[in-house]
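Data first, discussion second: the structure below is written as structure tokens.
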Amino acid sequence: TDYLLFDTFNPPFDNLDVRKAFAHAVDREAIVTNVYGEVKAMPAYAMLMPGFPSSSTKGELNEYQAYDCDLAKEHLATAGYPDGEGFPKLEMWLRDEAPALQAVFQAVAASISQCLNVEIEVSNKDRKVYTDAMNAKPTGLQFGAVSYGMDYLDPTNMLGIWVFGGRHSWKNDEFDQLINEATPLVGDPEKRDQLFRDAERILVDDVGGIFIDHRWQGTLFQPWVQGDCIREADAIGIMGEHWGNDSCVSNKYIEKH
Numbered sequence: 032t033d034y035l036l037f038d039t040f041n042p043p044f045d046n047l048d049v050r051k052a053f054a055h056a057v058d059r060e061a062i063v064t065n066v067y068g069e070v071k072a073m074p075a076y077a078m079l080m081p082g083f084p085s086s087s088t089k090g091e092l093n094e095y096q097a098y099d100c101d102l103a104k105e106h107l108a109t110a111g112y113p114d115g116e117g118f119p120k121l122e123m124w125l126r127d128e129a130p131a132l133q134a135v136f137q138a139v140a141a142s143i144s145q146c147l148n149v150e151i152e153v154s155n156k157d158r159k160v161y162t163d164a165m166n167a168k169p170t171g172l173q174f175g176a177v178s179y180g181m182d183y184l185d186p187t188n189m190l191g192i193w194v195f196g197g198r199h200s201w202k203n204d205e206f207d208q209l210i211n212e213a214t215p216l217v218g219d220p221e222k223r224d225q226l227f228r229d230a231e232r233i234l235v236d237d238v239g240g241i242f243i244d245h246r247w248q249g250t251l252f253q254p255w256v257q258g259d260c261i262r263e264a265d266a267i268g269i270m271g272e273h274w275g276n277d278s279c280v281s282n283k284y285i286e287k288h
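Take 32 as the starting number for the sequence shown in my numbering and just add one per residue.
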């Protein structure tokens with residue numbers, strides 16, 4: 032998941048209306064179609080990609096950060112910056128990104144700038160400089176873009192990084208409580224699932240981050256590579272190792288061909 036993050040403890044992003052304005056000013060559909068390409072990514076409106084455990088699969092969270100330039104302008108005006116008047120110039124930091132991802136975030140910055148009439152300079156920083164600033168307490172990163180992918184197949188891996196004290200300068204006590212309750216919970220999978228869903232709704236509504244896209248990470252297999260974990264094509268035509276079978280190398284075999 033590629034997303035924007037910011038220092039929510041200091042101006043201008045300590046103002047929720049500013050964060051909502053920026054969230055609604057990103058035309059994700061156009062960026063994915065025209066910059067990434069639909070075969071490489073899909074628009075993101077939350078941290079968890081559809082299909083990941085506890086994710087929003089039917090667009091239940093889309094409204095919180097969906098592109099709506101008129102609504103974005105209303106939020107910015109409510110924050111005290113009508114038509115961008117008086118809004119400070121911003122520098123969006125990138126973490127030593129390759130040209131392809133630089134182009135994506137340049138498009139994100141352009142979408143926000145054109146909608147809200149604000150000035151954003153995109154700056155591709157050395158990886159260590161960026162990471163040190165992001166992890167500093169208090170943060171040295173006012174506004175930036177970054178990516179995060181799963182290490183293991185559980186919502187806590189993707190949502191747990193938003194608990195206060197980690198890499199993000201955002202704090203929501205209710206979110207923290209839900210994640211801390213859900214993470215160790217065993218014996219009640221339905222309750223655990225709902226806790227994570229409730230937590231992610233808070234994350235997108237309070238705009239802890241602005242979610243841009245989920246990148247596809249596909250693996251191509253020859254048709255003669257077989258095994259129990261190679262599934263039939265699903266409803267959208269994707270076959271192979273799907274969520275839940277990500278560690279099944281041991282039972283693959285090569286069919287005679």
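No residue lacks a Cβ here, since even glycine has one placed at the ideal position from N, Cα and C.
Where does residue i fall in DSSP's three states?
| i | result |
| --- | --- |
| residue 42 | coil |
| residue 150 | coil |
| residue 208 | helix |
| residue 126 | strand |
| residue 174 | strand |
| residue 169 | coil |
| residue 284 | strand |
| residue 107 | helix |
| residue 117 | coil |
| residue 201 | coil |
| residue 252 | coil |
| residue 216 | coil |
| residue 136 | helix |
| residue 96 | coil |
| residue 183 | coil |
| residue 237 | coil |
| residue 88 | coil |
| residue 66 | helix |
| residue 112 | coil |
| residue 160 | helix |
List the residues that DSSP assigns as beta-bridge partners of residue i.
| i | result |
| --- | --- |
| residue 232 | Looking at the DSSP assignment, residue 232 forms no beta bridge with any residue, so it has no partner. |
| residue 244 | 33 and 74 |
| residue 53 | Answer is none; residue 53 lacks a bridge partner. |
| residue 81 | 83 |
| residue 155 | 125 |
So residue i is in the beta strand (DSSP E); what residue range does that whole segment cover?
| i | result |
| --- | --- |
| residue 59 | Premise fails: residue 59 lies in the alpha helix (DSSP H), 59–62, not in any beta strand (DSSP E). |
| residue 256 | 256–258 |
Just mark residue i as buried or exposed, buried being the case when its beta carbon has 16 or more other beta carbons within 10 Å.
| i | result |
| --- | --- |
| residue 158 | exposed |
| residue 119 | exposed |
| residue 251 | exposed |
| residue 160 | exposed |
| residue 117 | exposed |
| residue 288 | exposed |
| residue 213 | buried |
| residue 154 | exposed |
| residue 75 | buried |
| residue 244 | buried |
| residue 248 | exposed |
| residue 201 | buried |
| residue 51 | buried |
| residue 220 | exposed |
| residue 285 | exposed |
| residue 145 | exposed |
Nearest chain B C-beta to residue i closer than 8 Å, yes or no?
| i | result |
| --- | --- |
| residue 119 | The chain labelled as chain B is not found in the depicted structure, where only one protein chain is given. |
How is the alpha helix (DSSP H) around residue i delimited, first residue to last?
| i | result |
| --- | --- |
| residue 189 | 186–190 |
Can you tell me the Cβ-Cβ gap for residue i and residue j, rounded? I've got them flagged as a contact below 8 Å.
| i | j | result |
| --- | --- | --- |
| residue 98 | residue 57 | 6 Å |
| residue 183 | residue 192 | Not confirmed; about 13 Å, so no contact. |
| residue 87 | residue 186 | Contact flag wrong, Cβ pair sits at about 11 Å. |
| residue 196 | residue 35 | The pair is not a contact, with the Cβ atoms about 20 Å apart (cut-off 8 Å). |
| residue 238 | residue 77 | Not quite, the Cβ-Cβ distance comes to about 11 Å (not below 8 Å), so this is no contact. |
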